[in-house]
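Q:
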Amino acid sequence: MKPWKDVKSTFFQFGASIQQEALAMLNIMEEYDWHVFSIVTSKFPGYQDFITLLKTTVDNSFVGWDLQNTITLDAVDADSRTHIQMKKIQSPVILLYCSKDEATYILEEGRSLGLTGFGFIWIVPSMTTGNPEVTPDEFPSGMVSVSYDDWDYPLEARVRDGLGIITSAAAAMLEEFGDIPEAKTSCYGQLEKTKLPPSALHKENPLSQDGGGFGAPPPLRAVARGSAAVRGVAVTRYMMNVTWEGRDLSFTEDGYQANPKLAVIVLNKDREWEKGSACGHGDRPSFNHRRQPCLITAPSRFNRYPQQYGEPACPFALIAPGESFGRDDSSRES
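In this note's numbering, each residue carries its 1-based index in the sequence shown increased by 627.
1) So residue 743 is in the beta strand (DSSP E); what residue range does that whole segment cover?
2) Closest to residue 716 by CA distance: which of 707, 741, 875 is it?
3) Under the DSSP definition of a beta bridge, which residues are partnered with residue 696?
4) What's the C-alpha gap between residue 878 and residue 745?
5) Suppose you measure from the CA of residue 870 to the CA of residue 880; what does that come to, to the nearest Å?
6) Do residue 652 and residue 700 come within 8 Å of each other at the CB atom, strictly closer than that value?
7) Ignore the nearest five residues each way along the sequence and tell me which others in residue 671's own chain have a CB closer than 6 Å to its CB.
8) What three-state label does DSSP hand residue 884 in the structure shown?
9) Determine the contact status of residue 680 and residue 643, defining contact as a CB-CB distance below 8 Å.
10) Run through DSSP, which three-state label would residue 714 get?
11) Answer with buried or exposed for residue 782, where buried requires no fewer than 16 other C-beta atoms within 10 angstroms of its C-beta.
12) Should the stretch 881-892 be regarded as contacting the stretch 766-786, the criterion being three or more beta carbon pairs within less than 8 Å?
13) For residue 690, does the count of other Cβ atoms within 10 angstroms reach 16, so buried, or fall short, so exposed?
14) Assign residue 753 to one of three DSSP states: helix, strand, or coil.
15) What three-state label does DSSP hand residue 709 in the structure shown?
16) Mind checking who residue 724 pairs with in its DSSP beta bridge?
17) Anyone know if the C-beta pair for residue 972 and residue 768 falls short of 8 Å?
18) Distance, Cα to Cα, residue 764 vs residue 803?
19) Once the 5 residues before and after residue 770 are set aside, which same chain residues still bring their CB inside 6 Å of it?
20) Using CA atoms only, rank isn't needed, just tell me which of 676, 684, 695 is closest to residue 719.
21) Quick check: the Cα distance between residue 714 and residue 729, rounded to an integer number of angstroms?
22) Between the alpha carbons of residue 707 and residue 736, how many angstroms are there, rounded?
23) Determine the closest residue to residue 865 out of 795, 892, 872, 779, with distance taken between C-alpha atoms.
24) Once you ignore the five residues that flank residue 698 on each side, which residues in its own chain have a CB closer than 6 Å to its CB?
25) Buried or exposed: where does residue 739 fall if 16 or more other Cβ atoms within 10 Å of its Cβ makes it buried?
26) Just to confirm before moving on: does the CB-CB distance between residue 999 and residue 900 stay below 8 Å?
27) Whose C-alpha, out of 792, 753, 882, 784, is nearest the C-alpha of residue 892?
28) Which residues share a DSSP beta bridge with residue 760?
29) Going by DSSP, name the residue or residues bridged to residue 878.
30) Would residue 687 be called buried (16 or more neighbouring beta carbons within 10 Å of its own) or exposed?
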């Protein structure tokens, strides 16, 4: 799963973008009043977007954030420059953006500086966590990660839903055009040159007569049915707005789920990743089987956060699409 993709990519994937994960990190911090933090990144693709989004959100938020340091490491090997830069960190919370391999170097350096012990919390995106079955020794216990919720959404279910999306789009195309466009390429071949660039698949269709957005397919019946480029745009538009078996499986222009479920997972003292909750206000995250697993819906707007829903002991409760936020637990099991 790739939280960062090229802007011209036309792939859809069951996953969250790095922007969605970054906002979820801030949501966790807001809930537990972890307002003082620093950002540490490598130069892994997408790091500038990660930094910009966090800074913009913090600057325009009513929360009293205190972003103390923003550090971008040129090298991941342990060297004097990395050591000097990381010595600046004094904040109790550190947001880390890098690959899993890079994280081992950065966290090892952090350990030598005493930044991974008691009193410090590292929060990372799913990209840094990687395969939860393999956890480097450098990852400190208590590390928090925002991860796409594949714990309760296994591969089989995602494949089924993926086929449902394709089937729905194909059925809509058949009704619209009377036939289904044939595949013109594969994952192993070169892209067929069309009159429209790949980026056009993510923009408003210039051939639409009503200038409509992504809310509904454009009226393309007036366009020649043999236009493969036009039908390619239409296929993408049909696939971006799909409700399958009563569930919203819509995708964003970037090819990520519009409303992904993200799990908050914590590396426990046994070196295992588990869905986590907090022991109490201001405490280090931990896991408690008696509490509800932490699940959040990724914020859909850059300047908004989901409000608390569910038991105060675990504010990150599972939120179904379209469900209102509140604190009324009368209809839920304790």
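In this text, a Cβ means the ideal position worked out from N, Cα and C, and glycines have one as well.
A: Taking the structure as given:
1) By one-based count along the sequence shown, residue 743 stands at place 116. Neither: residue 743 is in no beta strand (DSSP E) and is coded neither H nor E.
2) Reading the sequence shown from its first residue, position 89 is the one you call residue 716. A check of alpha carbon separations from residue 716 across 707, 741, 875 identifies 741 as the nearest.
3) For the purposes of this step, residue 696 is taken as residue 69 along the sequence shown, with counting starting at 1. Looking at the DSSP assignment, residue 696 forms a beta bridge with 665.
4) The residue given as residue 878 occupies position 251 in the sequence shown. The residue given as residue 745 occupies position 118 in the sequence shown. Cα-Cα distance, rounded: 40 Å.
5) In the sequence shown, counting from the first residue as 1, residue 870 sits at position 243. In the sequence shown, counting from the first residue as 1, residue 880 sits at position 253. Their Cα atoms are separated by approximately 17 Å.
6) Here residue 700 corresponds to residue number 73 of the sequence shown, with the count starting at 1. Here residue 652 corresponds to residue number 25 of the sequence shown, with the count starting at 1. Taking 8 Å as the Cβ cut-off, residue 700 and residue 652 do not qualify as a contacting pair.
7) Counting from 1 along the sequence shown, the entry for residue 671 is found at position 44. Once the five neighbours on either side are set aside, the close Cβ partners of residue 671 are 725, 726.
8) Position 257 of the sequence shown holds residue 884. In this structure, residue 884 counts as strand in the three-state DSSP scheme.
9) Residue numbering aside, residue 680 sits at position 53 when the sequence shown is read from its first letter. Residue numbering aside, residue 643 sits at position 16 when the sequence shown is read from its first letter. Cβ atoms of residue 680 and residue 643: not closer than 8 Å.
10) Translated into the one-based positions of the sequence shown, residue 714 becomes position 87. Coil.
11) Along the sequence shown, one-based indexing puts residue 782 at 155. Exposed, since its Cβ has fewer than 16 Cβ neighbours within 10 Å.
12) yes
13) Residue numbering aside, residue 690 sits at position 63 when the sequence shown is read from its first letter. Exposed.
14) Looking up residue 753 in the sequence shown gives position 126. Helix, per DSSP.
15) Numbered from 1 along the sequence shown, position 82 holds the residue referred to as residue 709. Helix at residue 709.
16) Here residue 724 refers to the residue found at position 97 of the sequence shown. Residue pairing of residue 724 in beta bridges, as defined by DSSP: 668.
17) Here the chain has residues from 628 to 961 only, and residue 972 is not among them.
18) Within the sequence shown, numbered from 1, the residue matching residue 764 stands at position 137. Within the sequence shown, numbered from 1, the residue matching residue 803 stands at position 176. Cα to Cα, residue 764 sits roughly 56 Å from residue 803.
19) Sequence index remark: in the sequence shown, residue 770 carries index 143 (1-based). Excluding residues within five positions, the ones whose Cβ falls inside 6 Å are 749, 894.
20) Taking the sequence shown and counting its residues from 1, the one referred to as residue 719 is at position 92. Among 676, 684, 695, the Cα nearest to that of residue 719 is on 695.
21) What you label residue 714 is simply residue 87 of the sequence shown in a count that begins at 1. What you label residue 729 is simply residue 102 of the sequence shown in a count that begins at 1. If I take the Cα positions, the gap works out to 18 Å.
22) Looking up residue 707 in the sequence shown gives position 80. Looking up residue 736 in the sequence shown gives position 109. In a straight line, the C-alpha of residue 707 is about 10 Å away from that of residue 736.
23) As a first step, residue 865 must be located in the sequence shown, where it is residue number 238. Closest by C-alpha distance to residue 865, out of 795, 892, 872, 779, is 795.
24) In the sequence shown, counting from the first residue as 1, residue 698 sits at position 71. Result list for residue 698: 667, 712, in chain order.
25) Within the sequence shown, numbered from 1, the residue matching residue 739 stands at position 112. That one is exposed.
26) Residue 999 lies beyond the residue range present for the chain, which begins at 628 and ends at 961; the question has no answer from this structure.
27) The residue given as residue 892 occupies position 265 in the sequence shown. When each option's Cα is compared against that of residue 892, the closest is 753.
28) Here the question's residue 760 lines up with position 133 in the sequence shown. Bridge partners of residue 760: none, in fact.
29) As a working note, residue 878 is residue 251 in the sequence shown. Beta-bridge pairing links residue 878 to 884.
30) Stepping through the sequence shown from its first residue, residue 687 is reached at position 60. Flag for residue 687 reads exposed.
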